[in-house]
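2 protein chains.
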Amino acid sequence: MADTATPPQKMETPAIYDDLHRKLVTAQFDHGEKLKSEDLRKLYGCSANTIREVLFRLSTAGLVAFEEQRGFRARRTSRERQHDLTQFRILLEQEGACLSMKHGDIEWEARLSAAHHKLSHIESEVRRSGSVEHVLPLWSNAEWEFHDTLISACRSPLLRETYKTIYDQFRQQLVSRASNYGYYAENIEEHRAILEAALARDTVLCRQHIHDHLARNMIS
Amino acid sequence: MADTATPPQKMETPAIYDDLHRKLVTAQFDHGEKLKSEDLRKLYGCSANTIREVLFRLSTAGLVAFEEQRGFRARRTSRERQHDLTQFRILLEQEGACLSMKHGDIEWEARLSAAHHKLSHIESEVRRSGSVEHVLPLWSNAEWEFHDTLISACRSPLLRETYKTIYDQFRQQLVSRASNYGYYAENIEEHRAILEAALARDTVLCRQHIHDHLARNMIS
DNA sequence: TTTACTTGTAATTTCAAAATTTATGGCATT
DNA sequence: AATGCCATAAATTTTGAAATTACAAGTAAA
Numbered sequence: 001m002a003d004t005a006t007p008p009q010k011m012e013t014p015a016i017y018d019d020l021h022r023k024l025v026t027a028q029f030d031h032g033e034k035l036k037s038e039d040l041r042k043l044y045g046c047s048a049n050t051i052r053e054v055l056f057r058l059s060t061a062g063l064v065a066f067e068e069q070r071g072f073r074a075r076r077t078s079r080e081r082q083h084d085l086t087q088f089r090i091l092l093e094q095e096g097a098c099l100s101m102k103h104g105d106i107e108w109e110a111r112l113s114a115a116h117h118k119l120s121h122i123e124s125e126v127r128r129s130g131s132v133e134h135v136l137p138l139w140s141n142a143e144w145e146f147h148d149t150l151i152s153a154c155r156s157p158l159l160r161e162t163y164k165t166i167y168d169q170f171r172q173q174l175v176s177r178a179s180n181y182g183y184y185a186e187n188i189e190e191h192r193a194i195l196e197a198a199l200a201r202d203t204v205l206c207r208q209h210i211h212d213h214l215a216r217n218m219i220s
Numbered sequence: 001m002a003d004t005a006t007p008p009q010k011m012e013t014p015a016i017y018d019d020l021h022r023k024l025v026t027a028q029f030d031h032g033e034k035l036k037s038e039d040l041r042k043l044y045g046c047s048a049n050t051i052r053e054v055l056f057r058l059s060t061a062g063l064v065a066f067e068e069q070r071g072f073r074a075r076r077t078s079r080e081r082q083h084d085l086t087q088f089r090i091l092l093e094q095e096g097a098c099l100s101m102k103h104g105d106i107e108w109e110a111r112l113s114a115a116h117h118k119l120s121h122i123e124s125e126v127r128r129s130g131s132v133e134h135v136l137p138l139w140s141n142a143e144w145e146f147h148d149t150l151i152s153a154c155r156s157p158l159l160r161e162t163y164k165t166i167y168d169q170f171r172q173q174l175v176s177r178a179s180n181y182g183y184y185a186e187n188i189e190e191h192r193a194i195l196e197a198a199l200a201r202d203t204v205l206c207r208q209h210i211h212d213h214l215a216r217n218m219i220s
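Chains as they are written, first to last, in the UniProt record's numbering: chain A, 1 to 220; chain B, 1 to 220.
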């Protein structure tokens, strides 16, 4: 069972959802760990049925696996699924970025610049200090902001929504990768390359940089 | 409320899910119609909570909309969402087909030919008789078989799964379009064009034909 | 006539416990 | 030792009712 530092007792359904979501994307459960409704019920001070409802909604987001008559588990991400997730993410981000370049206005460019600025600031700090752990949550949020902003002008709510469910499943592996400093070191140049291609509205180059950046994720 | 020709009483959870799913994709509920758990409870002879669980799982598939404290509704598909769905479907089917052409073997070609043969047989019958209604469920299944087989060799469970949830939301409009005979008349040539391009492993041409075929869906 | 408030009704959500199903451990048999 | 079977324990699923919340109609005030 994960550490129970956060919620002692008595939470509303949305709060329980958010808390479990956060715990799942920050890998506070082992891969494939069983999520017993009785334990969670006691943890959040609610009924077993409420937990059941929350877990169903989390299974929608792909964070929890449900099997009939044998409950819920934190999703185990096999090597094959990791590969599949990456390929699908590349497809969505490439398409979303190209559509954003097509439809995005100066306002979008400004938001993308701002998101990149924050992200690169953190990544510079990582490179200077040589460690990742102390800014991991910050970095994780900034990275999401950048990638989400990149596709935010695509005018397809469906694509964006799908992208988010995929992205959440990547966050899980960030923790286990935190020790691997080399992974984060290369991100600065890759993110800048994506930014510049996007602002230049060079769709071919942008697709290329997105592919290179995301494909490298998979290997580690 | 939709007609209740099928299930008088007493069904298991999976059966209830299947039956409601079928009713939703065959548009036996009006767009935005409220799905009252009490009514459904009496219909299927189970508890309100069981209905609630089924409806949550259907909302995963995008067939049902859930709003906190105000229950479930059959999803209303606006013009904007229809456009979004179509664009997304084009992206997925193009990518899935190209990957299938890359990975598919002779076995895949055989299955695709078989699926097309069945589909074109029905579509010829439609053209001969000049009416659609009497074979609509048959046609709907055959069309799904063809498109699913087309992407079945893509080696991405995620893409295929996502495609299915999108496709189900298209089935809903088939019924309301049944009267529009012209829509179905043009399908024969389009499906054949896709088949031939796929068998020839011509990815550029196949993308083009898929786009033309699916984009025409949106306009009607 | 409109707006705001009150009240009654209906529907959703939560709860605690019963019923069903699956997992576990001991015991006999091969 | 390995396998199959039964009894027990544990966990999931369903139930029916209670509590909460939204909805609608009707009344009073502006």
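We put the beta carbon where it would ideally sit given N, CA and C, even for glycine.
As assigned by DSSP and simplified to three states, the class of residue i
i        : result
B/Val126 : helix
A/Ala56  : Just to set this straight, residue 56 of chain A is Phe in the shown sequence, not Ala. In this structure, A/Phe56 counts as helix in the three-state DSSP scheme.
A/Phe146 : helix
A/Ile29  : Note on identity: in this sequence residue 29 of chain A is Phe, with Ile being the wrong assignment. Of the three classes helix, strand and coil, the one that applies to A/Phe29 here is coil, per DSSP.
B/Lys34  : strand
B/Glu80  : helix
B/Met101 : helix
B/Met11  : coil
B/Ser176 : helix
B/Ile166 : helix
B/Ala200 : coil
B/Val132 : coil
B/Cys206 : helix
A/Gly45  : coil
B/Ala185 : helix
B/Thr4   : Here the model assigns B/Thr4 a pLDDT of 41, short of 50, so the residue's position is not dependable, and the following value carries that caveat. DSSP places B/Thr4 in coil when its eight states are reduced to three.
B/Ile151 : coil
A/Gln69  : coil
A/Ser120 : helix
B/Glu109 : helix
A/Ser140 : helix
B/Ala215 : helix
Reference residue i; option with closest CA among the options
i        : options                                   : result
A/Leu24  : A/Met101, A/Gln173 and A/Ile90            : A/Gln173
B/Arg73  : B/Glu80, B/Leu91 and B/Gly32              : B/Gly32
B/Leu199 : B/Trp144, B/Met218, B/Tyr183 and B/Gly104 : B/Gly104
B/Glu186 : B/Tyr44, B/His209 and B/Ser176            : B/His209
B/Arg171 : B/Thr77, B/Ala193 and B/Ser113            : B/Thr77
A/His116 : A/Ser140, A/His134, A/Val132 and A/Asp19  : A/Ser140
B/His21  : B/Val64, B/Lys42, B/Ile106 and B/Ile188   : B/Val64
A/Ile166 : A/Ala215, A/Gln82, A/Ala114 and A/Ala153  : A/Gln82
B/Asp202 : B/Thr86, B/Glu38, B/Lys34 and B/Ala97     : B/Ala97
B/Leu150 : B/Asp84, B/Ser100, B/Met218 and B/Arg79   : B/Ser100
A/His191 : A/Thr86, A/Arg216, A/Val54 and A/Asp19    : A/Arg216
A/Ser113 : A/Ala197, A/Asp18, A/Ser37 and A/Leu205   : A/Ala197
B/Ala27  : B/Leu205, B/Val175 and B/Arg127           : B/Val175
A/Leu195 : A/Glu133, A/Ala110 and A/Pro137           : A/Ala110
B/Ile188 : B/Leu214, B/Ser120 and B/Arg75            : B/Ser120
B/Lys34  : B/Glu93, B/Asp18 and B/Arg75              : B/Arg75
A/Glu68  : B/Val54, B/Glu68 and B/Arg79              : B/Val54
B/Ser37  : B/Asp18, B/Arg70 and B/Asp30              : B/Arg70
A/Cys206 : A/Arg79, A/Arg127, A/Leu91 and A/Arg128   : A/Leu91
A/Arg89  : A/Arg177, A/Asp19 and A/Asp148            : A/Asp148
A/Arg177 : A/Asp212, A/Arg127 and A/Glu133           : A/Glu133
A/Met218 : A/Arg79, A/Glu145, A/Lys102 and A/Leu138  : A/Arg79
Counterpart residues of residue i in DSSP-defined beta bridges
i                      : result
A/Arg22                : For A/Arg22, which the question treats as bridged, DSSP gives no partner whatsoever.
residue 261 of chain A : Residue numbering for chain A in the displayed model covers 1 to 220; residue 261 of chain A lies beyond these limits and cannot be assessed.
Whole-angstrom C-beta distance between residue j and residue i, which should lie under 8 Å
i        : j        : result
B/Phe66  : A/Phe56  : The Cβ separation is near 11 Å, so there is no contact.
B/Tyr163 : B/Gly130 : That pair is no contact at about 32 Å.
B/Trp108 : B/Ser179 : Not confirmed; about 36 Å, so no contact.
A/Glu123 : A/Tyr184 : 7 Å
A/Gln169 : A/Leu85  : 6 Å
B/Val135 : B/Glu143 : Actually they are not in contact, since the Cβ atoms of B/Val135 and B/Glu143 sit about 11 Å apart, beyond 8 Å.
A/His211 : A/Gln94  : 7 Å
Distance cut-off 7 Å: residue i Cβ against heavy atoms of the ligand ATP
i        : result
B/Ala185 : Judged by which ligands are present, the structure shown has none, so any question about the ligand ATP falls away.
Whether or not the segment 60-70 of chain B and the segment 36-52 of chain A are in contact is what I'm after, with contact meaning three or more pairs of Cβ atoms, one per stretch, closer than 8 Å; do they touch? Result no; under three Cβ-Cβ pairs closer than 8 Å.
Pairs of beta-carbons, one from the segment 155-169 of chain A and one from the segment 11-18 of chain A, closer than 8 Å: are there three or more? By the Cβ criterion, the segment 155-169 of chain A is not in contact with the segment 11-18 of chain A, since fewer than three pairs of Cβ atoms, one from each stretch, lie closer than 8 Å.
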